[in-house]
Every structure is written in structure tokens, then in C-alpha cells.
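Residue numbers (my numbering): 1 to 184. Where is the CB? At the ideal position from N, CA and C, for every residue including glycine. Structure record follows, encoded as C-alpha cells.
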Amino acid sequence: MTSQAPSAVAPLTPVQRPIAQHVVEGWSNTKIAKECWVSPSTVTTHLRRIRVRLHGEKRCSRAVLAHTLLRYRLVDPPPLPPKLEPFTPSRGTLLLLRALAEHSLAADIAEAAQIAPTSVGTRTRKLMRTMQATDPAHLIGIAHALGFLRPGPPAQPAAAVPSDPGTTIRTNLPNTLAPRRRTS
């Protein structure tokens, strides 16, 4: 879902919007089905259609779906957990959040987060405990609510990065992750 930015994102239908909102709140398909008075398979179908509507793959992770929904402001960030302690994320934490938001496969997440593939699950669960998230999609929602991930277009692909050594590259990332002035 992150390889290309949609040229125009169609708004969600009145039925899809609450389902999408519950995804970023960390709800399971079963819980969403009970709340929306539909079957879990209907929820699955709606989620598949939402992914297609966003010009994405039919099978991306819920975290990637949550990030895409929040990035294009199709849903609101979830409320913060009531007992969430304030903290400043490390560069590694921000890299992991960005990787979870943009990649579905553990190997791709590991590469983007600059960690070992075997560490992805452990580091994700630890971060979920720290941020009191119920699942990775909820973690991405909380990260958006805290401003660690921001709405807007995705970062430039590598091919679009300016080649002039004096050019400063700007990204959507907080200053702790923004690239420094390139040197020769």
C-alpha cells in the first residue's frame, strides 16, 4: 500500500467509516461485527473493499491499513489510553513505528527499522505495552494521535530524492529522524 500515493482517495461509505474507525482503535473483526450488527465475514469483506478503495493491496497488514486511513484523514486517531505515561521516543522507536506503518512483512519491517528480523515481534510487543496498544493497528493509531506519525503524503521514494549534494531533504518525520544536509 505504500509504494504509490493514490491520486485521489474516495471517501469511505457510511458503512465502511465506523468499521475503519474501529480498526484504528484496535478492535478485532469479531468485536467490530458485534458493534456494527454484522457478521465477522462481512467485516472482512468491508476491510478488503476499503483496501481496494485506497488503491492498495487486498492483503496488507492492519497496521498499514490504519496508517493509510489516518494519513489521508479518512478516520480520526483513537483516544489515548487514560494512563499513558508521557515519553519521548528514541530514533529506533520512530523507525519501528514508521516501518510498521508502511510494511506488512516482517523482513521488510526489520529492514526499514534497521533491526534483526527475529526482533520485530519482540520489539513490537514491547512498544505496544509501553503505549498501551491492543494490537499493531492501535499502536499506529496512538502514534498518529501523539504526532509520532503524521498525516499527509508518503515520503519520497528513493528515486525521487534530489541528487544535488547541497540539497536538504525534507520528510514528514519528526526532527530527530529528518535527514541532515547531505555531504559529498
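*asked:* I'd like to check one pair, Ala-113 with Leu-139: are the Cβ atoms closer than 7 Å?
replied: no
*Measure the C-alpha to C-alpha separation of Val-15 and Ala-101 and round it to an integer number of angstroms.*
24 Å
*Is Val-43 closer than 7 Å to Ile-50 when the C-beta atoms are compared?*
no
*Taking Cβ to Cβ, would you say Leu-84 is nearer than 7 Å to Gln-21?*
no
_Environment of Glu-25 [buried if 16+ CB atoms lie within 10 Å]_ = buried
*Between the Cα of Gly-185 and the Cα atoms of Arg-17, Arg-98, Trp-37, Pro-136, which residue gives the shortest distance?*
The requested residue 185 does not occur in the structure, where the chain is confined to residues 1 to 184.
*Of the residues Thr-68, Leu-47, Pro-89, the one placed nearest Lys-58, counting alpha carbons only*: Leu-47
*Tell me the start and end of each unbroken alpha helix (DSSP H) in the region 61 to 134 that is at least 4 residues and wholly inside, in chain order.*
62 to 71, 91 to 102, 106 to 113, 120 to 131
*For the alpha helix (DSSP H) containing Glu-35, list its first residue and its last residue.*
29 to 36
*Assuming Val-64 and Ser-104 make a contact with CB atoms under 8 Å, what is their CB distance in whole Å?*
5 Å
*Assumed close pair Val-9, Tyr-72 - CB separation to whole angstroms, cut-off 8 Å*: 5 Å
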